[in-house]
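Heads up: the protein sequence lines correspond to chains A and B, in order. With our numbering applied, the first sequence covers 1 to 373. With our numbering applied, the second sequence covers 1 to 373. Every residue, glycine too, gets a C-beta built ideally from N, C-alpha and C. Here's the structure, in structure tokens; my notes come after.
2 protein chains.
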Amino acid sequence: MTTHTTPTELSDDDATVIARTVAAIQPHDLEAGAQAAARQAQLTKPPGSIGRLEAVAERIAAMTGQPRPHLDRRLVIVAAGDHGVAARGVSAYPSEVTAQMVANFLEGGAAINVLASHAGARVRVVDAGVAGETPQHPDLLRLRIAPGTADFTRAPAMSTVDAERALAAGIALFTAERADEGVDIVACGEMGISNSTAAAAIIAAVTGHTARAVTGRGTGIDDARFEAKVAAIEEALALHQPQQVDGVQLLAAIGGFEIGVLAGVYLAAAAARVPAVLDGLISTSAALVATRIAPGAGEYLIAGHRSVEPGHAAALAHLQLEPLLDLGLRLGEGTGAALAMTLCVAACRLLDEMATFEDAGVTDAAGVVPPEA
Amino acid sequence: MTTHTTPTELSDDDATVIARTVAAIQPHDLEAGAQAAARQAQLTKPPGSIGRLEAVAERIAAMTGQPRPHLDRRLVIVAAGDHGVAARGVSAYPSEVTAQMVANFLEGGAAINVLASHAGARVRVVDAGVAGETPQHPDLLRLRIAPGTADFTRAPAMSTVDAERALAAGIALFTAERADEGVDIVACGEMGISNSTAAAAIIAAVTGHTARAVTGRGTGIDDARFEAKVAAIEEALALHQPQQVDGVQLLAAIGGFEIGVLAGVYLAAAAARVPAVLDGLISTSAALVATRIAPGAGEYLIAGHRSVEPGHAAALAHLQLEPLLDLGLRLGEGTGAALAMTLCVAACRLLDEMATFEDAGVTDAAGVVPPEA
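So, in structure tokens, the structure goes:
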């Protein structure tokens with residue numbers, strides 16, 4: 001990642017970078033989608049029999065503009081950050097775990113390392129704003145915007161400048177990865193003690209659900225911590241009134257540095273016509289930030305899985321996305337997104353590699369016997 | 001597959017082969033399952049956060065007797081057969097498509113070829129009883145017990161001798177594959193015009209549901225064919241009264257040659273402590289035959305996906321299995337099983353490859369900071 005633009009170089013015109021990226025987002029290529037659907041109908045299977053994988057492949061065709069898309073260059077981005085609201089006792093784990101897990105990602109011992117390998121994807125880790133020290137490592141982008149956000153029950157989580165910096169850094173990261181090794185599909189995950197509190201706050205603000213309705217048990221909290229978490233979100237919503245603000249202000253008020261980086265990745269992926277696979281609660285809350293900045297970015301998102309977190313379903317419904325997997329995951333890191341990435345690859349391989357009725361000499365549903373049969 | 005026992009050699013003592021296989025089926029190795037669960041609790045993730053994949057890995061550990069199972073040698077078996085009940089106009093496609101699709105499997109152009117490649121699995125195809133001619137091919141086991149079953153609305157689908165022959169052939173196939181190249185996990189699919197009619201009849205007989213309740217649209221039939229399909233199943237149930245007969249008689253009365261071969265594979269896989277992944281309606285109906293012969297075989301089955309066929313849910317409920325995927329598939333061939341196989345591989349890789357809290361120096365949920373942290 002030696003070619004990455006450093007945060008210092010970015011800071012002059014982050015707002016310009018964001019605006020340029022948003023302006024570059026185009027709608028789906030409907031012609032490519034229609035070509036994919038036409039091919040789908042000629043493949044040696046009853047029409048519609050591959051179920052949702054047919055729609056996935058056709059949607060990726062429309063995203064990429066390729067009637068037979070290839071998803072060979074696969075990237076998993078894991079953004080990490082700490083949260084001032086952790087001081088409110090909303091988590092089962094102390095904030096020191098965020099830096100420890102970043103080290104684990106870099107050593108290859110975390111669940112996302114295994115599942116990225118399983119999906120044939122490379123992993124890039126971002127220290128967007130971890131409180132503890134993170135190591136120098138070739139696979140780690142050390143932004144370190146701040147040592148965690150401020151406690152958003154008392155003040156904005158971050159300044160507007162830092163929110164733009166996080167977004168622009170996500171854009172720069174994706175752009176550099178695409179230039180360096182290529183990206184045909186990206187899966188987005190995160191790590192950050194207490195970040196399910198920030199994510200639930202964003203989801204409540206955007207969807208209009210109450211804090212309690214979108215708050216879950218995160219990594220496994222007891223009743224007392226759950227009540228503290230609901231109260232913290234209610235206080236933040238009352239303090240910042242983030243329901244109607246723009247995406248940058250939403251991120252600044254109640255977001256996180258890792259959430260900002262992922263939102264930037266979604267914007268850049270959409271601008272580059274690259275499908276981005278959502279993971280769970282936090283990665284999907286970042287998609288709410290991105291689509292508040294640029295509604296058209298939603299066309300380039302794929303819902304990987306349905307988390308057990310109650311706010312996740314609300315966020316996916318707002319994005320009008322139906323998840324591919326429902327396995328009771330609640331880990332984050334991009335684990336559900338990496339698993340779903342393999343389904344996207346399978347869907348596109350089916351579209352590209354299957355024989356047509358005519359190729360294979362198979363009689364179709366209309367009873368048309370191919371010439372060579 | 002040159003080492004395979006030929007059908008002629010098998011025919012003397014098929015009943016003995018089946019009985020010996022059934023007798024070899026042992027219950028789960030609970031100690032191995034407990035060791036897997038104990039390791040699961042030490043991995044760098046909140047307890048339970050990998051959701052159903054944790055249970056899948058622990059169950060495969062108990063099946064295989066290996067606390068950290070490896071699923072490196074993967075086999076997909078696709079068994080094909082034709083059905084006399086096709087004469088009743090129950091299908092959207094003519095029977096000639098069965099042989100055409102067998103040729104397509106051997107050429108690598110079908111959906112299952114793509115998805116087996118995606119899963120890193122080899123494919124073996126069985127002509128269990130196809131009406132049309134099938135080619136000589138190294139990947140095709142040509143049993144050809146008969147050119148399709150009899151119309152089971154008028155007579156048993158096959159003789160008891162042929163039912164035993166199909167079951168023993170499935171056992172021999174699995175046993176030879178295991179001896180030749182090894183099998184750590186097997187996914188089972190099928191092809192056979194009108195075989196969703198036979199499968200629905202088996203499901204109605206075993207679960208006690210009405211024919212109408214378990215009958216679906218198969219590859220996509222209209223209302224008239226749907227009514228013909230329900231009527232054919234009702235007639236077969238009235239003629240053969242298969243509700244209480246044993247598994248071999250059930251197969252003989254209303255089954256299919258490909259269903260018998262798959263049932264034999266399930267028995268052999270269970271006897272060898274190898275997990276077998278079910279596909280959709282027909283492959284799961286074969287599991288009902290197998291578990292009627294040997295209830296303990298059910299412990300070695302994994303439900304791959306939930307088909308759109310209404311009878312599939314009834315069959316899975318009877319087997320007390322919860323499917324891993326729900327993608328609206330209704331193709332058969334083993335497609336859903338091959339996709340689910342990749343989830344089983346992922347689950348076992350997570351169990352085996354992830355770092356423990358102690359290995360990685362990560363603080364656990366109890367706040368225990370590891371010595372090196």
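- Item | chain B residues whose Cβ lies nearer than 9 Å to that of A/S285 | Counted from its first residue, the first sequence places residue 285 of chain A at position 285. Correct list: empty, because the minimum Cβ distance to chain B is about 18 Å.
- Item | Proximal residues to A/P323 (C-beta, below 7 Å), its chain only, five neighbours per side dropped | Taking the first sequence and counting its residues from 1, the one referred to as residue 323 of chain A is at position 323. Beyond the five residues adjoining it in sequence on each side, A/P323 comes within less than 7 Å, by CB distance, of A303, G304, H305, R306 and L316 in the same chain, given in chain order.
- Where does A/G81 sit, in a helix, a strand or coil, going by DSSP? The residue given as residue 81 of chain A occupies position 81 in the first sequence. Three-state DSSP puts A/G81 in a strand.
- Message: When you compare the CB of A/E227 with every CB in chain B, is at least one pair closer than 9 Å?
- Response: The sequence position of residue 227 of chain A within the first sequence is 227, counting from 1. Put simply, the CB of A/E227 is far from chain B, with every gap to its CB atoms at 9 Å or more.
- Partners in chain B for A/P46, counting only beta-carbon separations shorter than 9 Å: To locate residue 46 of chain A, count along the first sequence from 1; it is residue 46. The CB of A/P46 comes closer than 9 Å to the CB of A92, Y93, G218, T219, G220, R330 and L331 in chain B, given here in chain order.
- Item | Bridge partner(s) assigned by DSSP for B/L43 | Here residue 43 of chain B refers to the residue found at position 43 when the second sequence is read from its first residue. Bridge partners of B/L43: B/T356.
- Query: Just the Cα atoms here: how many angstroms apart are A/D326 and B/P47?
  - Reply: The sequence position of residue 326 of chain A within the first sequence is 326, counting from 1. The sequence position of residue 47 of chain B within the second sequence is 47, counting from 1. The straight-line gap from Cα to Cα measures roughly 18 Å.
- Could you please give the first and the last residue of the uninterrupted beta strand (DSSP E) stretch that includes B/L173? Numbered from 1 along the second sequence, position 173 holds the residue referred to as residue 173 of chain B. From DSSP, B/L173 is part of no beta strand (DSSP E) but of the alpha helix (DSSP H) over T160 to D180.
- Message: Starting from B/A119, trace the alpha helix (DSSP H) in both directions and tell me its first and last residue.
- Response: Residue 119 of chain B sits at position 119 when you count from the first residue of the second sequence. Taken as a continuous stretch (DSSP letters only), the alpha helix (DSSP H) holding B/A119 covers A111 to A119.
- Query: Does DSSP classify A/A413 as helix, strand or coil?
  - Reply: Residue 413 of chain A lies beyond the residue range present for chain A, which begins at 1 and ends at 373; the question has no answer from this structure.
- Under 9 Å between C-beta atoms of A/R382 and A/A36: What is shown of chain A runs 1 to 373, which leaves residue 382 of chain A out entirely.
- Message: Tell me which residue opens and which closes the alpha helix (DSSP H) that B/E190 is part of.
- Response: Counted from its first residue, the second sequence places residue 190 of chain B at position 190. Per DSSP, B/E190 belongs to no alpha helix (DSSP H); it is in the beta strand (DSSP E), I185 to M191.
- Message: I need the boundaries of the beta strand (DSSP E) containing A/R142, first residue and last residue.
- Response: In the first sequence, residue 142 of chain A corresponds to position 142, counting from 1. Per DSSP, A/R142 belongs to the beta strand (DSSP E) from L140 to R142.
- Message: So A/V76 and A/I25 are supposed to be a Cβ contact under 8 Å. How far apart are they, rounded?
- Response: Here residue 76 of chain A corresponds to residue number 76 of the first sequence, with the count starting at 1. Here residue 25 of chain A corresponds to residue number 25 of the first sequence, with the count starting at 1. That pair is no contact at about 22 Å.
- Message: Can you give me the C-alpha to C-alpha distance between A/R39 and B/V114, rounded to a whole angstrom?
- Response: To locate residue 39 of chain A, count along the first sequence from 1; it is residue 39. To locate residue 114 of chain B, count along the second sequence from 1; it is residue 114. Answer to the nearest angstrom: the Cα atoms are 16 Å apart.
- Query: Just by C-beta distance, which residues in the stretch 176-202 of chain A are closer than 8 Å to chain B?
  - Reply: none
- Query: Using a C-beta cutoff of 9 Å, does A/G51 count as contacting chain B?
  - Reply: Against the first sequence, residue 51 of chain A aligns to sequence position 51. It does; some Cβ of chain B falls within 9 Å.
- Task: Assign B/P275 to one of two classes, buried (16 or more other C-beta atoms within 10 Å of its C-beta) or exposed (fewer than that).
- Result: To locate residue 275 of chain B, count along the second sequence from 1; it is residue 275. Looking at its Cβ environment, which holds 16 or more other Cβ atoms inside 10 Å, B/P275 is buried.
- Query: From what residue to what residue does the beta strand (DSSP E) around A/V289 run?
  - Reply: Working through the first sequence from its first residue, we reach residue 289 of chain A at position 289. Unbroken run through A/V289 is the alpha helix (DSSP H), L281 to I293; no beta strand (DSSP E).
- Message: For B/A276, report the span of its beta strand (DSSP E) as first-last.
- Response: As a first step, residue 276 of chain B is located in the second sequence; it is residue number 276 there, counting from the start. Taken as a continuous stretch (DSSP letters only), the beta strand (DSSP E) holding B/A276 covers A276 to L278.
- Message: Does any residue of chain A have a CB that is nearer than 9 Å to the CB of B/R349?
- Response: Taking the first residue of the second sequence as position 1, residue 349 of chain B is located at position 349. Judged by the 9 Å Cβ criterion, B/R349 is in contact with chain A.
- Query: Shortest alpha-carbon distance to A/G108 belongs to which of B/D352, B/D127 and B/A198?
  - Reply: Residue numbering aside, residue 108 of chain A sits at position 108 when the first sequence is read from its first letter. With distances taken between Cα atoms, A/G108 lies closest to B/D352.
- Partner residues on chain A for B/V376, Cβ-Cβ distance less than 8 Å: Missing from the structure shown is residue 376 of chain B; chain B here goes from 1 to 373 and no further.
- If you draw a straight line from the C-alpha of A/L251 to the C-alpha of A/L281, how long is it? As a first step, residue 251 of chain A is located in the first sequence; it is residue number 251 there, counting from the start. As a first step, residue 281 of chain A is located in the first sequence; it is residue number 281 there, counting from the start. Answer to the nearest angstrom: the Cα atoms are 15 Å apart.
- For a contact meaning CB atoms closer than 8 Å, what does B/M341 contact in chain A? To locate residue 341 of chain B, count along the second sequence from 1; it is residue 341. The contacting residues do not exist; B/M341 stays about 11 Å from chain A at best.
- Hey, is A/T363's beta-carbon within less than 9 Å of any beta-carbon in chain B? Locating residue 363 of chain A in the first sequence gives position 363, counting from the first residue. So, interface residue.
- Query: Can you give the Cα-Cα distance for A/V125 and A/R144, rounded to whole angstroms?
  - Reply: By 1-based counting over the first sequence, the position of residue 125 of chain A is 125. By 1-based counting over the first sequence, the position of residue 144 of chain A is 144. A/V125 and A/R144: Cα-Cα distance of roughly 12 Å.
- Task: Could you tell me which chain A residues have their CB closer than 8 Å to the CB of B/D326, listed as they occur along the chain?
- Result: To locate residue 326 of chain B, count along the second sequence from 1; it is residue 326. Here the neighbours are D326.
- Message: What would DSSP say about B/G361, mapped onto helix, strand or coil?
- Response: Here residue 361 of chain B is taken as the residue at index 361 of the second sequence, counted from 1. Three-state DSSP puts B/G361 in coil, outside helix and strand.
- Query: Roughly how many angstroms separate the alpha carbons of A/A313 and A/L329, rounded to a whole number?
  - Reply: Position 313 of the first sequence, counted from the first residue, corresponds to residue 313 of chain A. Position 329 of the first sequence, counted from the first residue, corresponds to residue 329 of chain A. Cα to Cα, the separation comes out at about 13 Å.
- Message: Please tell me whether A/V308 has its Cβ less than 9 Å away from any Cβ of chain B.
- Response: Numbered from 1 along the first sequence, position 308 holds the residue referred to as residue 308 of chain A. Yes, contact with chain B.
- Query: Along the stretch 97-130 of chain B, what residues have a CB closer than 9 Å to any CB found in chain A?
  - Reply: Those residues of the stretch 97-130 of chain B that come within reach of chain A (Cβ to Cβ, closer than 9 Å) are V97, Q100, M101, A103, N104, E107, G108, G109, A110, A111, N113, V114, L115, S117, H118 and A119.
- Message: Output needed for A/V245: all residues of its chain with C-beta closer than 8 Å, excluding positions within five of it in sequence on either side, in chain order.
- Response: Here residue 245 of chain A refers to the residue found at position 245 of the first sequence. Here the set comprises A253.
- Task: Please say whether B/G81 and B/V206 have beta carbons closer to each other than 9 Å?
- Result: The count along the second sequence starts at 1 and reaches residue 206 of chain B at position 206. The count along the second sequence starts at 1 and reaches residue 81 of chain B at position 81. Result no, Cβ atoms of B/V206 and B/G81 do not sit closer than 9 Å.
- Quick one: measure Cβ to Cβ for B/G189 and B/G334, integer angstroms, because I've assumed they're closer than 8 Å. Locating residue 189 of chain B in the second sequence gives position 189, counting from the first residue. Locating residue 334 of chain B in the second sequence gives position 334, counting from the first residue. Indeed, because the Cβ distance is near 2 Å, the residues count as touching under 8 Å.
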